[in-house]
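Peer 1: So the sequence shown is residues 1 to 139, counted in my numbering.
My questions will all concern the structure given below.
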Amino acid sequence: TFGVNVTVTGALTVSSGALTVTTGNLTITNGQLVASKGFIGVFANTTISSSQNNWAPTAVRNTRLTVSNSSLSITGMTASAFDGEERNFYVLTNSVTIVHQSASSTTKFFCSGAANIVVPVGGRFKCIWDNTSSVWRVT
1 TFGVNVTVTG ALTVSSGALT VTTGNLTITN GQLVASKGFI GVFANTTISS SQNNWAPTAV
61 RNTRLTVSNS SLSITGMTAS AFDGEERNFY VLTNSVTIVH QSASSTTKFF CSGAANIVVP
121 VGGRFKCIWD NTSSVWRVT
């Protein structure tokens, strides 16, 4: 059990149970929050109002995505530094098209079925970084 304003120099390991922040923030500086099993319950809210090439959303595992109109597409996303990193995007408004292997982005999406994916309102798309191929694999 920790008090208020605790600083940990080095690594903080929770071997069983949970690390819970009831009020305030958990800040990671120059590092990464990793869960080998389970779920990290951090969400970001992102709005896109134009089609995106080399999209750079907030780097969290789960993002709620507001899309301003249904003719928008995302052609690629900035590369990850971590092989196998997973990102989930939950579409709140309007559909969005995830473009397979677009020449418009330097870091491309490789969509399952080798075709564009239209994600409807209420849908989700998942991206997994493939360091060997330097692509985001999308399902």
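C-beta: ideal position from N, C-alpha, C; glycine also.
It should be emphasised that the depicted structure is a prediction, and the values quoted were computed from it without experimental measurement.
Checking 7 Å against the spacing of the C-beta atoms, do R61 and Y90 come in under that value?
Peer 2: no
Peer 1: Taking Cβ positions, are S75 and S104 nearer each other than 7 Å?
Peer 2: First, the amino acid is wrong: residue 75 is Thr here, not Ser. Against a cut-off of 7 Å, the Cβ pair of S104 and T75 comes out as a contact.
Peer 1: Tell me, to the nearest whole angstrom, how far the beta carbon of P120 is from that of S95; I am working on the premise that it is less than 8 Å.
Peer 2: 5 Å
Peer 1: Is T107 closer than 7 Å to K126 when the C-beta atoms are compared?
Peer 2: Not a contact, by the Cβ cut-off of 7 Å.
Peer 1: By the three-class DSSP mapping on this structure, what secondary structure does A103 have?
Peer 2: Coil, per DSSP.
Peer 1: Since F43 and T63 are thought to touch, with beta carbons under 8 Å apart, how far apart are those beta carbons, to the nearest angstrom?
Peer 2: About 7 Å; that satisfies the 8 Å criterion.
Peer 1: Return the chain-ordered list of same chain residues with a C-beta closer than 8 Å to the C-beta of S134, the five sequence neighbours on each side being excluded.
Peer 2: Hits under 8 Å: A79 and T107.
Peer 1: Who are the Cβ neighbours of V118 in its own chain at under 6 Å, not counting the five residues just before and after it?
Peer 2: S95 and T97
Peer 1: Which of the three DSSP states, helix, strand or coil, is assigned to S70?
Peer 2: coil
Peer 1: Whole angstroms is fine: what's the gap from M77's alpha carbon to T7's?
Peer 2: 33 Å
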